[in-house]
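Working notes, beginning with the structure itself.
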Amino acid sequence: MRDLPKDLHWLLFDLDGTLTDSAPGILRCVQYALEQCGTPEPDTDKLRPFIGPPLLDSFQQFCGMPPERAAYAVAQYRERFSKIGMFENNVYPGIPQLLERLTAHGYVLAVATSKPEVYTRQIMEHFALTKYFTVIAGSDIHKEGETKADVMRLALRRLGLPEQQPSRTVMIGDRKHDVMGAKECGVPCIGVRYGYAAPGELEQYGAEWVTDTPETLAGLLLECTI
5 MRDLPKDLHW LLFDLDGTLT DSAPGILRCV QYALEQCGTP EPDTDKLRPF IGPPLLDSFQ
65 QFCGMPPERA AYAVAQYRER FSKIGMFENN VYPGIPQLLE RLTAHGYVLA VATSKPEVYT
125 RQIMEHFALT KYFTVIAGSD IHKEGETKAD VMRLALRRLG LPEQQPSRTV MIGDRKHDVM
185 GAKECGVPCI GVRYGYAAPG ELEQYGAEWV TDTPETLAGL LLECTI
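Going by this note's numbering, the letters in the sequence shown line up with residues 5 to 230, in that order.
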């Protein structure tokens, strides 16, 4: 694994599976949506692929729903998520300490997540994470079909950086969608194994660096500034 660039300055973070362990809320909301659609699924293990990708895509891909039915399922999901599900969630141990150290070393931090921005901001405030981030970018709740690359470009614009191949920038995430979005934007990616990726997923999709815990992520990022 090659070293990170010594002049790295801007860090884009995914939210679910990278900053917070949001699986309980996401899976319960997917179950609720499927119940409302008349296709209940009691086994949450079968629903874990929903964690990370855009919901509209997931209901179509994993449940075989046509677009209109998938849109209805998304609306049902959000009905529960907006009231309960977004807070069935926990910050990963070591993340606040990591963010504190990164900002103290002069990094500029941004969130780039496929989760709707209106929910993302509430979650970040609830868990006292907002103070570490210069920019928070999520998807538009009124616009379907946005990709991870789209929200990354939004974060880059808000940081005042080029939307394609910005220098001194890295994406940090836990799923293939983070790696693929980063590649589309010309940004290298650090994959974190403590999130929701299947074994070998991050390596398969070409993450330039892969690390195991928030502590080893801190070592990787802070070592490059020495």
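Positions of the beta carbon are idealized from the N, C-alpha and C atoms, including for glycine. From a predicted model like this one, the values you see are computed outputs, not experimental measurements.
Considering residue i, what are the terminal residues of the beta strand (DSSP E) in which it resides?
i, result
"residue 119", "112-120"
"residue 91", "Unbroken run through residue 91: none, as it is neither H nor E."
"residue 175", "173-177"
"residue 195", "193-196"
May I ask which residues mark the beginning and end of the alpha helix (DSSP H) holding residue i?
i, result
"residue 241", "Lying before the first or after the last residue shown, residue 241 is absent from the chain, which here runs from 5 to 230."
"residue 107", "99-108"
"residue 189", "180-189"
"residue 215", "Run containing residue 215: none in the alpha helix (DSSP H); it sits in the beta strand (DSSP E), 213-215."
"residue 66", "59-67"
"residue 223", "218-227"
"residue 254", "No answer is possible for residue 254: the residues shown for the chain start at 5 and end at 230."
"residue 30", "27-40"
"residue 162", "152-163"
"residue 208", "205-208"
Rounded to whole angstroms, what is the Cα-Cα separation between residue i and residue j?
i, j, result
"residue 12", "residue 180", "22 Å"
"residue 123", "residue 176", "20 Å"
"residue 193", "residue 213", "7 Å"
"residue 74", "residue 64", "6 Å"
"residue 230", "residue 168", "Because the pLDDT at residue 230 is just 43, under 50, the model does not fix this residue reliably, and the value given afterwards should be weighed accordingly. Distance between the alpha carbons of residue 230 and residue 168 is about 27 Å."
"residue 40", "residue 51", "16 Å"
"residue 121", "residue 159", "11 Å"
"residue 8", "residue 224", "8 Å"
"residue 217", "residue 47", "27 Å"
"residue 93", "residue 27", "7 Å"
"residue 118", "residue 55", "10 Å"
"residue 18", "residue 139", "12 Å"
"residue 107", "residue 16", "13 Å"
"residue 34", "residue 161", "32 Å"
"residue 210", "residue 191", "12 Å"
"residue 44", "residue 86", "20 Å"
"residue 134", "residue 143", "17 Å"
Would you mind stating whether residue i and residue j have Cβ atoms separated by less than 9 Å?
i, j, result
"residue 110", "residue 155", "no"
"residue 104", "residue 136", "yes"
"residue 141", "residue 115", "yes"
"residue 153", "residue 84", "no"
"residue 102", "residue 219", "yes"
"residue 149", "residue 88", "no"
"residue 91", "residue 145", "no"
"residue 95", "residue 163", "no"
"residue 151", "residue 205", "no"
Around the C-beta of residue i, are 16 or more other C-beta atoms found within 10 angstroms, so that it is buried, or is it exposed?
i, result
"residue 171", "exposed"
"residue 10", "exposed"
"residue 208", "exposed"
"residue 42", "exposed"
"residue 195", "buried"
"residue 6", "exposed"
"residue 49", "exposed"
"residue 222", "buried"
"residue 202", "exposed"
Can you find the residues in the same chain that come closer than 6 Å, C-beta to C-beta, to residue i, ignoring five residues on each side of it along the sequence?
i, result
"residue 199", "21, 22, 178"
"residue 1", "The requested residue 1 is not part of the displayed model; the chain covers only 5 to 230."
"residue 157", "167"
"residue 98", "218, 219"
"residue 24", "93, 95"
Answer with yes or no whether the minimum CB distance from residue i to chain C is below 9 Å.
i, result
"residue 143", "The displayed structure is made up of one protein chain only, and chain C is not part of it."
Within the same chain, show all residues whose beta-carbon is closer than 8 Å to that of residue i, passing over the 5 residues directly before and after it, in chain order.
i, result
"residue 165", "14, 173"
"residue 132", "100"
If I measure Cβ to Cβ from residue i and keep anything under 7 Å in the same chain, skipping five residues before and after, which residues do I get?
i, result
"residue 69", "63, 77"
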